[in-house]
DNA sequence: ACCTGAACACCGTTCAAGT
DNA sequence: ACCTGAACACCGTTCAAGT
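Chains as they are written, first to last, in my numbering: chain A, 148 to 393; chain B, 148 to 393.
Structure representation (structure tokens):
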């Protein structure tokens, strides 16, 4: 199952390649994305990328500081294909939803990418462009600045999470089957509500649920309260924060 | 840096342990959680768990089918400590938020657990209990069944995603610093809105943002539209679904 | 039935040596 | 400056052999 291909062959026959394919961040990233498509995140390794480029893993360290950096570069590159709908006939809201759906599909359609998106802090140019577009759409909807800013965070995080969850289901074999089994075998004594809600919990396809959730979140961003305070305001009584010093 | 500890010592001195510590799923899981606490997800391996239990990795396969299963067991076990606030003086809404915050803190406080939560499909008894509690709270708020069911999904996914994102920041060294840098160095020509929104994008601490987002989502679940249709209803025109057969 | 050592097929990263 | 082979310190999983 492990293609050892051209391992013990002294005749290398460089056929088409012009001498070697000069290494660069770009060729490394696109090579890595090809491997991701074929073998998923589990099949992606520096050694495999290097092998595809006909070199050793050590060579990549001239262009990358480590595997994490490659991940971030891959993610940002992949996000280049997220698309704003052209049709000007749609409302800002429908275009926002279409854009988020495009984002979702980009993450979901490429194996392992959604996983990567959640474990990688990306802030490359493609990521910035997505923020730019989202801010533009929310501004079209006359959302106040403070709400738009926080809304971008909320929307991207939610969509990323959905993509990752769906990806998991696909990658790990059988969809939400395990959850379904757990629901069906839950005891009424211990989990009366879960049992009572069985059908409702399992109802609806992924798209209907996503659409519902997006509507809720968008409505909330548009109509909800303003972010409580800018960073300079003293907080009211709060429950034991994450900050380290008072 | 790699504690080779008691590697080449013929005198093993079983001190306190009663003959050996008999292996079982439970001891394996709690041993694994200890390692997770100390060394994070990157430091967790079957070999290390086995070493802590004074045996070889192969021995664990009597109790586990693979590493993924251990992950799922660990997650479910850790979720046991999520707590419903006792104080009956709080509104259902405040108790819901406190419960979700407890969930968040359980995921966040244990290193690597949030990551695990997003890459693992958990459906053990502790997970079911969390659904049970959430359904109970939403019912107290007189949320319609269909909305409550989908709401559980939305709330847990969002909180898990937040925990994972914050965990990433902590685990990967410097918090949202990279994002901040990207924001500060973004060009006005390319990303005018991002630049204009700089301050708003960075404003507010994590708690304020979380609180804002939770309010939006809860409001949406309470007041938003009903899920469009139960699974049996024909869908209106939809954009190219994920389903495989028509 | 349970446990084990050894082996297999991999990893990321570093480093001294080459060009 | 860029590339490389070899080495280091790990992985998960399987398997034949032991008790």
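In this text, a Cβ means the ideal position worked out from N, Cα and C, and glycines have one as well.
Just so we're clear, the structure is a prediction, and the values are computed from it rather than from any experiment.
{"Check": "Environment of residue 208 (chain B) [buried if 16+ CB atoms lie within 10 Å]", "Outcome": "exposed"}
{"Check": "Partner residues on chain A for residue 362 (chain B), Cβ-Cβ distance less than 9 Å", "Outcome": "367, 371, 372"}
{"Check": "Selected residue, minimal CA-CA separation from residue 325 (chain A), among B:318, B:303, B:267", "Outcome": "B:267"}
{"Check": "Among A:181, A:258, A:199, A:360, nearest to residue 317 (chain A) - alpha-carbon criterion", "Outcome": "A:258"}
{"Check": "Three-state secondary structure assigned by DSSP to residue 375 (chain A)", "Outcome": "coil"}
{"Check": "Under the three-state DSSP convention, the category residue 356 (chain A) falls into", "Outcome": "helix"}
{"Check": "Backbone CA spacing between residue 392 (chain A) and residue 346 (chain A) [nearest angstrom]", "Outcome": "Any reading at residue 392 (chain A) needs caution, since the residue's pLDDT is 33, under 50, leaving its predicted position unreliable; the model's value is listed next. Near 48 Å, if we compare the C-alpha coordinates of residue 346 (chain A) and residue 392 (chain A)."}
{"Check": "contact_flag[the stretch 331-344 of chain B, the stretch 350-362 of chain A] where n(CB pairs < 8 Å) is 3 or more", "Outcome": "no"}
{"Check": "Any chain B beta carbon closer than 8 Å to residue 283 (chain A)", "Outcome": "yes"}
{"Check": "For residue 180 (chain A), the nearest candidate out of A:205, A:344, A:168, A:227 (CA to CA)", "Outcome": "A:227"}
{"Check": "Rounded separation between residue 173 (chain A) and residue 202 (chain A) - CA only", "Outcome": "16 Å"}
{"Check": "Cβ-based neighbour list, residue 277 (chain A), same chain, cut-off 8 Å, excluding 5 preceding and 5 following", "Outcome": "226, 229, 250, 303"}
{"Check": "Rounded distance between the beta-carbons of residue 363 (chain B) and residue 298 (chain B), thought under 8 Å", "Outcome": "Their Cβ separation, rounded to whole angstroms, is 13 Å, which puts residue 298 (chain B) and residue 363 (chain B) out of contact at 8 Å."}
{"Check": "Whole-number beta carbon distance between residue 204 (chain B) and residue 220 (chain B), since they are thought to touch under 8 Å", "Outcome": "With a Cβ gap of about 16 Å, residue 220 (chain B) and residue 204 (chain B) do not count as contacting."}
{"Check": "Cβ of residue 325 (chain B) within 8 Å of any chain A Cβ", "Outcome": "yes"}
{"Check": "Min CB distance residue 290 (chain B) to chain A below 8 Å", "Outcome": "no"}
{"Check": "Residue 263 (chain B) beta carbon less than 8 Å from that of residue 218 (chain B)", "Outcome": "yes"}
{"Check": "Within-8 Å CB hit, residue 300 (chain A) to chain B", "Outcome": "yes"}
{"Check": "Sub-8 Å separation of residue 478 (chain B) and residue 175 (chain B) beta-carbons", "Outcome": "Look at the range of chain B in this structure, 148 to 393, and you will see that residue 478 (chain B) is not part of it."}
{"Check": "Chain A residues whose Cβ lies nearer than 7 Å to that of residue 266 (chain B)", "Outcome": "262, 315"}
{"Check": "Sequence-distant residues of the same chain with beta carbon closer than 7 Å to residue 295 (chain A), five excluded per side", "Outcome": "282, 285, 286"}
{"Check": "C-alpha gap between residue 188 (chain B) and residue 289 (chain A), whole angstroms", "Outcome": "43 Å"}
{"Check": "Short CB-CB distance (under 8 Å) between residue 246 (chain B) and chain A", "Outcome": "no"}
{"Check": "Top-ranked residue by Cα proximity to residue 291 (chain A), from B:361, B:344, B:269, B:339", "Outcome": "B:344"}
{"Check": "Burial state of residue 246 (chain B), where buried means 16 or more other Cβ atoms lie within 10 Å", "Outcome": "buried"}
{"Check": "Best match in A:371, A:360, A:375 for proximity to residue 373 (chain B) [C-alpha to C-alpha]", "Outcome": "A:360"}
{"Check": "Cβ distance (whole Å) where residue 265 (chain A) is taken to contact residue 311 (chain B) below 8 Å", "Outcome": "6 Å"}
{"Check": "8 Å Cβ cutoff, residue 341 (chain A) in contact with chain B", "Outcome": "yes"}
{"Check": "Buried or exposed by the 16-neighbour rule on C-beta atoms within 10 Å, applied to residue 223 (chain A)", "Outcome": "buried"}
{"Check": "Given residue 337 (chain A) as reference, the closest of B:238, B:244, B:272 once Cα atoms are compared", "Outcome": "B:272"}
{"Check": "Whole alpha helix (DSSP H) elements within the stretch 163-249 of chain B, 4-residue minimum", "Outcome": "172-186, 193-199, 204-207, 214-225"}
{"Check": "Alpha carbon of residue 190 (chain B) to alpha carbon of residue 309 (chain B), nearest angstrom", "Outcome": "23 Å"}
{"Check": "Per-residue contacts from residue 356 (chain B) into chain A (C-beta, under 9 Å)", "Outcome": "297, 300, 301, 374"}
{"Check": "Partners in chain B for residue 214 (chain A), counting only beta-carbon separations shorter than 9 Å", "Outcome": "Within 9 Å Cβ-Cβ: nothing; residue 214 (chain A) doesn't reach chain B, min ~11 Å."}
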